[in-house]
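In what follows, a single structure is set out as structure tokens and then discussed.
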Amino acid sequence: MQEYNEELLELLGLQIGSIVRLERLKKKLSQTDLGLMIGTNNTTIGRIERYESDTSWRKLFQICQILEIEFNTLFNLLPLESIIKIIAGCVKLEGKLTAEKKEYYKFLEKSIYNKYKKLKS
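Numbering (my numbering), first residue to last: -14 to 106.
See the structure below:
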């Protein structure tokens, strides 16, 4: 069984959040819409997408069902290039790309690059 160190877990959390965001945007759902569909709020959805806090597997499973994401695929770390493409897809689908969101996406990319670098060393 593969061991999961802190860097790998952080990368998986960022990857999962990015995939959830991309699929939500593809379906033209707001964070509020998705939150209501699983009995929570937009703040919780935002935290999952930004990996600001751990979430229960139950909420994540519900999100996957609504967004039609294969639950088990979330936990396989994708290559760096694939995660960067997911982030680029999010940027492209954002309705209103504010300066704050642009900064967030730059920060996210930089964080992922740095975590991959640490993981490989």
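Note that the Cβ used here is the ideal one computed from N, Cα and C, for glycine as well.
Please report how far the alpha carbon of residue i lies from the alpha carbon of residue j, in whole angstroms.
i, j, result
"serine 38", "glutamate 66", "25 Å"
"serine 96", "alanine 84", "18 Å"
"tyrosine 36", "serine 106", "23 Å"
"leucine -7", "glutamate 55", "20 Å"
"leucine 78", "tyrosine -11", "32 Å"
"phenylalanine 92", "lysine 102", "15 Å"
"lysine 13", "lysine 70", "19 Å"
"glycine 2", "glutamate 8", "10 Å"
"leucine -4", "threonine 29", "19 Å"
Go to residue i, then tell me how far its alpha helix (DSSP H) extends in each direction, as first and last residue.
i, result
"asparagine 27", "27 to 35"
"serine 106", "Counting along the chain, serine 106 falls outside any alpha helix (DSSP H), and DSSP gives it neither H nor E."
"threonine 17", "16 to 22"
"lysine 77", "65 to 78"
"phenylalanine 112", "The shown model of the chain, from -14 to 106, leaves out residue 112, and the question about it has no answer."
"glutamate 53", "Counting along the chain, glutamate 53 falls outside any alpha helix (DSSP H), and DSSP gives it neither H nor E."
Please classify residue i: is it buried, with 16 or more other beta-carbons within 10 angstroms of its beta-carbon, or exposed?
i, result
"threonine 40", "buried"
"glutamate -9", "exposed"
"lysine 50", "This sequence places glutamine at residue 50; lysine is not what is there. Result: exposed."
Skipping 5 residues on each side, what residues in its chain have a beta carbon closer than 8 Å to that of residue i?
i, result
"isoleucine 82", "First, the residue type needs correcting, since residue 82 is leucine and not isoleucine in the sequence shown. These residues qualify, in order along the chain: Val76."
"isoleucine 4", "Ile54, Leu59, Ile71"
I'd like the list of long-range same chain contacts for residue i, defined as Cβ closer than 6 Å, with 5 residues on each side in sequence excluded.
i, result
"asparagine 27", "Gln16, Thr17, Gly20"
"glycine 31", "Gln16"
"phenylalanine 46", "Phe56"
Contact between the stretch 16 to 27 and the stretch 74 to 84 (3+ Cβ pairs under 8 Å) = no
With a threshold of 8 Å, are at least 3 pairs of Cβ atoms found where one atom belongs to the stretch 54 to 65 and the other to the stretch 22 to 31? no
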